[in-house]
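Residue numbers (the working numbering), protein chains in the order written: chain A, 1 to 602; chain B, 1 to 239.
Next up, the structure:
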């Protein structure tokens with residue numbers, strides 16, 4: 001089958017998504033998938049059909065890491081390169097692929113067969129190393145699989161014909177509690193809505209103490225209540241499920257969506273929310289890295305429409321009309337931030353908005369919008385059926401219920417663990433078979449670095465809040481490599497909107513490299529702290545405010561990481577003076593010892 | 001009824017709907033800023049106007065004023081943060097004040113003087129950026145762009161042309177021109193556009209003249225930015 005022309009590819013997307021420029025990002029993702037890039041002719045077609053300036057289109061292509069103006073290889077391979085994947089050999093994997101396929105990381109092979117590169121965490125930390133081929137994840141790429149991938153690429157086998165077992169992803173559910181054990185029938189939450197009404201269910205939610213599972217822990221009944229009370233044209237409110245699970249080291253939403261029963265509950269939770277707040281449209285914002293979940297989730301939506309659980313007069317409630325569309329992300333961590341996510345849903349660059357106004361009053365297209373994540377909607381659907389006491393039976397006073405954790409790194413049994421809130425880090429470490437642990441990184445790259453003398457701390461909103469990432473590092477690891485990996489991640493993922501995050505992440509990267517090389521002086525550590533604290537205070541959004549945490553935490557709690565690498569000199573320049581003279585040496589044709597500075601600088 | 005908040009101990013009146021910045025400007029109180037211009041929707045990206053309001057750090061240009069709010073702006077620690085932000089803007093681009101035609105009329109330079117920034121401190125990034133001389137009347141010097149998006153907003157909202165946009169992300173975010181060639185000369189950009197008059201730095205420079213007013217007698221050479229205000233309001237002083 002030959003590839004469509006750029007005009008055809010753009011035309012297909014216009015047919016699929018209509019002439020509404022709010023769907024521009026989805027159309028660009030479609031063209032990228034069809035052609036491997038977004039050619040000039042497609043851009044012109046969209047400009048004409050949607051009446052948008054090309055700067056907006058270019059701005060999107062430049063913002064989203066999975067969109068490209070220049071052609072990528074037929075097989076676009078991205079090796080996941082979070083620190084956990086690094087520990088499991090992601091760099092060696094990429095080098096091996098590069099060697100076997102004759103294509104260095106960061107490049108496209110001259111014959112256009114493949115592009116090779118790195119990408120942040122793809123939600124496979126429990127089965128690393130893993131990679132994406134044209135957006136589809138292949139986990140556990142050990143030796144035999146590597147050979148298999150090389151052979152398929154060299155044979156030019158269309159991706160659709162690759163063996164399906166390559167794309168099979170294990171669930172690795174290690175511990176179940178309330179959510180994962182609940183046996184509740186499909187449609188039960190909507191039946192409860194019909195039986196009790198929205199007001200009564202709002203009270204149940206309130207009494208249950210359910211708080212959002214995305215990390216911030218905002219009370220669910222409050223959030224839904226705000227949206228419900230926000231003035232809106234009749235039932236024109238919006239429900240959004242945030243499935244942009246981009247925090248490095250987390251993968252529990254992927255597992256939940258992989259499980260058909262949980263995916264059904266997630267959609268039911270969204271529908272329940274719509275019925276309670278008065279919404280007519282819903283979106284699932286699915287991160288591009290979870291592309292392989294798109295078709296199963298679309299099928300589940302269709303099944304729900306056929307069963308009367310979506311569409312018109314849902315569950316037999318007259319006038320309850322609601323449907324859900326799935327939008328894909330395209331490689332931008334910031335779109336997990338709710339207001340950036342809404343910008344992205346509107347087909348824009350994912351810059352976080354100013355708040356207030358909050359999405360519950362002005363969200364998608366200015367309409368009151370509830371944004372919750374996958375786990376939260378599942379919990380809400382269950383609470384509506386099982387009741388407040390069922391939920392209150394687990395957890396602590398301020399953190400009712402359970403939390404699903406994604407455990408990865410140095411332990412015997414990585415995977416999904418559901419615990420009542422209030423569980424200690426030590427308990428989790430014992431259960432997953434971690435030994436000789438040096439540090440736990442909780443809540444992802446944006447989270448906290450916890451040393452052993454704090455392992456009695458608890459997972460709870462009142463102590464250590466988390467969206468679910470739990471990365472374990474034993475004594476053999478160099479934590480500075482972790483810090484640098486996280487910082488590199490934020491350099492890659494900063495949206496660039498505000499000064500402290502845009503510039504601060506890069507300045508930190510340079511300073512951390514200096515520490516790593518053994519060239520840093522004490523004043524460089526002061527600089528790290530100064531930049532980090534500035535970012536905490538002045539950044540526009542949570543990304544910038546949390547990006548420096550691992551640096552600041554390790555400066556405080558693991559000072560030897562830095563101290564032991566300091567240069568004994570008071571000041572070392574940020575650049576290599578001798579290397580700076582190389583142009584002069586080339587111009588004068590000299591390379592003798594006297595044309596070099598002694599040592600490595602002043 | 002007029003409501004009030006306090007700014008560094010001064011009572012500032014405001015109308016409902018005004019931001020802290022709006023009310024401060026109206027009262028003649030200066031809060032350092034670069035991406036803000038009251039003509040356009042506030043953006044809150046340069047972060048220079050971050051103040052402490054009831055103990056919380058917020059951007060003055062996007063935060064609504066509230067009755068009884070206690071706002072701190074001119075304190076040693078907030079000014080130190082502003083110096084760091086300014087230093088970041090200086091090392092991020094290529095800002096060579098002594099050789100820049102905008103020197104003395106440059107708001108970045110003026111705010112840096114006002115905040116007491118003496119040196120860039122951080123490691124210079126020395127990005128490789130281009131000049132666009134394709135337009136008959138203007139030079140675009142990307143070396144000096146600080147991504148305030150005033151030209152983007154002015155061209156879109158005041159001129160209804162949409163000449164500018166932003167692409168890339170993170171440290172790679174950059175100003176782009178809305179033309180297939182990416183060149184300003186291939187747009188309908190015009191000297192009378194509002195977008196031609198709002199750049200706080202020397203990124204959008206008029207051609208055919210230079211140093212008409214000698215350095216030393218320019219806007220911010222005569223008075224500090226806290227008294228003179230935004231460069232966008234002093235276009236006549238630059239010609």
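By construction, the Cβ of each residue, glycine as well, lies at the ideal position given by its N, Cα and C atoms.
Would residue i count as contacting chain B if we go by Cβ distances under 8 angstroms?
i, result
"residue 359 of chain A", "no"
"residue 58 of chain A", "yes"
"residue 354 of chain A", "yes"
"residue 163 of chain A", "no"
"residue 500 of chain A", "yes"
"residue 537 of chain A", "yes"
"residue 287 of chain A", "no"
"residue 194 of chain A", "no"
"residue 491 of chain A", "yes"
"residue 62 of chain A", "yes"
"residue 226 of chain A", "no"
Helix, strand or coil: how does DSSP classify residue i here?
i, result
"residue 8 of chain B", "coil"
"residue 76 of chain B", "helix"
"residue 373 of chain A", "strand"
"residue 471 of chain A", "strand"
"residue 120 of chain A", "coil"
"residue 78 of chain A", "strand"
"residue 592 of chain A", "coil"
"residue 418 of chain A", "strand"
"residue 228 of chain B", "helix"
"residue 203 of chain B", "coil"
"residue 194 of chain A", "helix"
Measure from the C-beta of residue i to each C-beta in chain A and report whether the shortest distance is under 8 angstroms.
i, result
"residue 203 of chain B", "no"
"residue 5 of chain B", "no"
"residue 88 of chain B", "yes"
"residue 81 of chain B", "yes"
"residue 84 of chain B", "yes"
"residue 15 of chain B", "no"
"residue 75 of chain B", "no"
"residue 125 of chain B", "yes"
"residue 241 of chain B", "Not covered by the structure: residue 241 of chain B. The range shown for chain B is 1 to 239."
"residue 169 of chain B", "yes"
"residue 166 of chain B", "yes"
"residue 151 of chain B", "no"
Based on Cα-Cα distance, which residue from the options lies nearest to residue i?
i, options, result
"residue 153 of chain B", "B/193, B/169, B/136 and B/144", "B/193"
"residue 271 of chain A", "A/594, A/189 and A/216", "A/189"
"residue 379 of chain A", "A/265, A/544 and A/154", "A/265"
"residue 86 of chain B", "B/139, B/216 and B/49", "B/49"
"residue 566 of chain A", "A/16, A/525, A/328 and A/67", "A/525"
"residue 339 of chain A", "A/330, A/354 and A/331", "A/354"
"residue 58 of chain A", "B/177, B/161, B/204 and B/37", "B/177"
"residue 282 of chain A", "A/238, A/165 and A/298", "A/238"
"residue 38 of chain B", "B/51, B/18, B/135 and B/47", "B/18"
"residue 185 of chain B", "B/233, B/221, B/135 and B/12", "B/135"
"residue 541 of chain A", "A/490, A/521 and A/552", "A/490"
"residue 322 of chain A", "A/331, A/336, A/295 and A/276", "A/276"
Counting only Cβ pairs nearer than 9 angstroms, list the residues of chain A close to residue i.
i, result
"residue 180 of chain B", "40, 43, 44 and 54"
Counting only Cβ pairs nearer than 7 angstroms, list the residues of chain A close to residue i.
i, result
"residue 129 of chain B", "Ordered by position in chain A, no residue passes the 7 angstroms Cβ test against residue 129 of chain B, which lies about 15 angstroms from the chain."
"residue 122 of chain B", "507"
"residue 116 of chain B", "Those within 7 angstroms of residue 116 of chain B in chain A number zero; the least Cβ separation is about 16 angstroms."
"residue 134 of chain B", "Those within 7 angstroms of residue 134 of chain B in chain A number zero; the least Cβ separation is about 16 angstroms."
"residue 68 of chain B", "Correct list: empty, because the minimum Cβ distance to chain A is about 17 angstroms."
In chain B, which residues lie with their C-beta within 9 angstroms of the C-beta of residue i?
i, result
"residue 476 of chain A", "Under the 9 angstroms cutoff, chain B gives no residues; its nearest Cβ is about 32 angstroms from residue 476 of chain A."
"residue 542 of chain A", "Those do not exist, as residue 542 of chain A stays about 13 angstroms from chain B at its closest Cβ, beyond 9 angstroms."
Under 8 angstroms between beta-carbons, which chain B residues line up against residue i? List them in chain order, please.
i, result
"residue 504 of chain A", "88"
"residue 534 of chain A", "81, 84 and 85"
Which residues of chain A have a Cβ atom closer than 8 angstroms to the Cβ of residue i, listed in chain order?
i, result
"residue 50 of chain B", "537 and 538"
Cβ contact check for the segment 357-371 of chain A and the segment 381-389 of chain A: 3 or more pairs under 8 angstroms = Result no; under three Cβ-Cβ pairs closer than 8 angstroms.
Three or more C-beta pairs closer than 8 angstroms, one from the segment 480-490 of chain A and one from the segment 512-531 of chain A: is that the case here?
-> Contact between the segment 480-490 of chain A and the segment 512-531 of chain A is present, because at least three Cβ pairs lie under 8 angstroms.
Could you tell me whether the segment 145-159 of chain B touches the segment 198-207 of chain B, where touching means 3 or more Cβ pairs closer than 8 angstroms?
-> Look at the beta carbons and you see the segment 145-159 of chain B touching the segment 198-207 of chain B: at least three pairs across the two are nearer than 8 angstroms.
Decide if the segment 61-74 of chain B is in contact with the segment 220-229 of chain B; the criterion is three or more beta carbon pairs, one per stretch, under 8 angstroms apart.
-> Contact annotation: the segment 61-74 of chain B does not touch the segment 220-229 of chain B, with fewer than three C-beta pairs closer than 8 angstroms.
Are the segment 26-42 of chain B and the segment 572-591 of chain A touching by the rule of at least three beta carbon pairs closer than 8 angstroms?
-> The answer is no - the segment 572-591 of chain A does not touch the segment 26-42 of chain B, with fewer than three Cβ pairs under 8 angstroms.
Cβ pair count under 8 angstroms reaching 3, the segment 302-321 of chain A against the segment 341-348 of chain A | Between the segment 302-321 of chain A and the segment 341-348 of chain A there are fewer than three C-beta pairs closer than 8 angstroms, too few to call the two in contact.
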